[in-house]
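The sequence shown begins at 100 in our numbering and counts up one residue at a time. For every residue, glycine included, the Cβ atom is placed at its ideal position computed from N, Cα and C. This one's a predicted model, so the numbers in the text were calculated from it and none came from an experiment.
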Amino acid sequence: MACKTQRAQAAGATAAAERKKRREMARAAAAAASPRAPLADKTSTTSRYEKMEAVGAGAFGVVYRARDRRTGEIVAMKCLNADDFDDGPLGSMFADEVGALEACRGVPCVVQLRDSCRRDPATGEAFIVMEFVGPALRDAARGGRSGGVRRHSEGEARRIARQLLAGAAGMHAAGLMHRDLKPDNVLVDARGGLKICDLGRSRATADGPPYSNPVVARNYRAPELLLGRTDYNAGIDAWAIGCIVAELLAGNLLFYGDSNKEHLSEVLNVLGTNDIREWSRCPDRLPSGCGPTSFLPDLFPSNPELAMAIGRPSLSEAGFEVLSGLLRCNPEKRMTAAHALKHRWFEEA
Numbered sequence: 100m101a102c103k104t105q106r107a108q109a110a111g112a113t114a115a116a117e118r119k120k121r122r123e124m125a126r127a128a129a130a131a132a133s134p135r136a137p138l139a140d141k142t143s144t145t146s147r148y149e150k151m152e153a154v155g156a157g158a159f160g161v162v163y164r165a166r167d168r169r170t171g172e173i174v175a176m177k178c179l180n181a182d183d184f185d186d187g188p189l190g191s192m193f194a195d196e197v198g199a200l201e202a203c204r205g206v207p208c209v210v211q212l213r214d215s216c217r218r219d220p221a222t223g224e225a226f227i228v229m230e231f232v233g234p235a236l237r238d239a240a241r242g243g244r245s246g247g248v249r250r251h252s253e254g255e256a257r258r259i260a261r262q263l264l265a266g267a268a269g270m271h272a273a274g275l276m277h278r279d280l281k282p283d284n285v286l287v288d289a290r291g292g293l294k295i296c297d298l299g300r301s302r303a304t305a306d307g308p309p310y311s312n313p314v315v316a317r318n319y320r321a322p323e324l325l326l327g328r329t330d331y332n333a334g335i336d337a338w339a340i341g342c343i344v345a346e347l348l349a350g351n352l353l354f355y356g357d358s359n360k361e362h363l364s365e366v367l368n369v370l371g372t373n374d375i376r377e378w379s380r381c382p383d384r385l386p387s388g389c390g391p392t393s394f395l396p397d398l399f400p401s402n403p404e405l406a407m408a409i410g411r412p413s414l415s416e417a418g419f420e421v422l423s424g425l426l427r428c429n430p431e432k433r434m435t436a437a438h439a440l441k442h443r444w445f446e447e448a
């Protein structure tokens with residue numbers, strides 16, 4: 100029995116090492132295939148940057164609005180806590196984020212890397228420097244009930260959707276899944292331009308499954324993730340974008356649950372079970388009490404007069420085709436970011 104246990108442990112360690120090697124090779128390949136700006140100056144230290152004000156904070160450390168003393172450019176400088184950096188999850192997340200940003204050089208609607216340093220020899224600090232964009236979409240869109248997002252017009256939602264899809268499609272073409280798309284991880288500049296940020300949870304698709312789960316904030320988590328699948332693909336980003344667009348149109352979250360099971364019930368109560376039952380990997384048992392048909396058309400009626408009468412946001416037929424395509428419960432039938440960008444909705448004024 101002990102020999103079998105040791106062999107199993109050795110096999111597990113070998114598999115983990117192989118997955119790590121594949122991740123590193125995938126990041127390198129993705130970076131090499133991406134349009135590239137000049138590489139960051141690897142000799143940089145924190146002294147190159149003048150920290151002006153803190154604009155964000157979290158378990159990782161602090162994000163500062165800073166000035167590059169060499170170029171005068173205003174940048175965003177993410178300074179990470181160095182405690183247990185090399186052996187802890189923070190070090191891995193740092194490497195993943197820098198690798199993803201390198202791979203996304205030149206990708207539209209994704210924040211651009213300026214510089215990085217794993218350990219400043221003078222301060223021991225790790226940092227990532229990116230272009231400075233502006234506030235998060237969550238903050239820029241506030242104005243709804245209870246401090247939530249305000250209702251956006253269809254034209255506003257379309258402009259935001261186009262940019263989110265362009266950024267996601269660019270990441271997917273570079274061989275990456277973002278895996279944490281939400282309004283907090285999208286930045287808005289003074290002219291309304293959007294940039295996807297916080298790539299620390301991204302993963303190279305060349306790694307191949309199994310991928311980690313849970314990923315993505317629950318309110319934007321696709322059904323396959325709620326069901327615990329680890330063989331998902333970039334369709335989880337498309338689902339998240341659909342949730343964001345619906346939230347902007349309605350002024351509130353489309354789905355909300357306190358657990359994966361409760362959230363899946365919320366999703367299927369709105370979208371019905373017919374679609375997910377067509378999925379080749381659909382489980383035999385789904386949450387009880389969910390009907391077969393979708394009520395999404397009732398939440399986003401195409402008739403403006405009807406929408407006003409029932410207090411719902413109006414959405415054109417073309418817009419609904421995109422929204423419902425992104426929110427397919429069956430991931431095999433879900434609209435991809437690249438496919439959605441070609442839809443006629445984006446040809447409208």
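If you look at residue 152, you'll find it in the beta strand (DSSP E) that goes 148-157. Secondary structure within the region 160-222: the beta strand (DSSP E) runs of 3 or more consecutive residues, fully enclosed, are 160-167, 173-179, 212-216 (chain order).
Residue 393 sits away from residue 431, with the two beta carbons spaced by 8 Å or more.
Here residue 423 is buried: its Cβ has 16 or more other Cβ atoms, across all protein chains shown, within 10 Å.
DSSP places residue 354 outside both helix and strand once states are collapsed to three, so it counts as coil. The beta carbon of residue 235 sits closer than 7 Å to those of 282, 283, 285, 286, all from its chain and outside the five residues before and after it, given in chain order.
Taking each of 383, 334, 369, 445 in turn and checking the Cα distance to residue 436, the smallest one comes out for 334. The alpha-carbon separation between residue 309 and residue 171 amounts to approximately 44 Å.
In the displayed model, residue 344 falls within a helix according to three-state DSSP. Residue environment for residue 320: buried (at least 16 other C-beta atoms within 10 angstroms of its C-beta). Per DSSP, residue 294 is one residue of the beta strand (DSSP E) stretching across 293-295. Per DSSP, residue 445 has no beta-bridge partner at all.
In the DSSP assignment, residue 394 falls outside any alpha helix (DSSP H) and carries neither an H nor an E. Scanning its chain for C-beta atoms nearer than 7 Å, with the 5 sequence neighbours on each side dropped, one finds around residue 256 the residues 344, 347, 348, in chain order.
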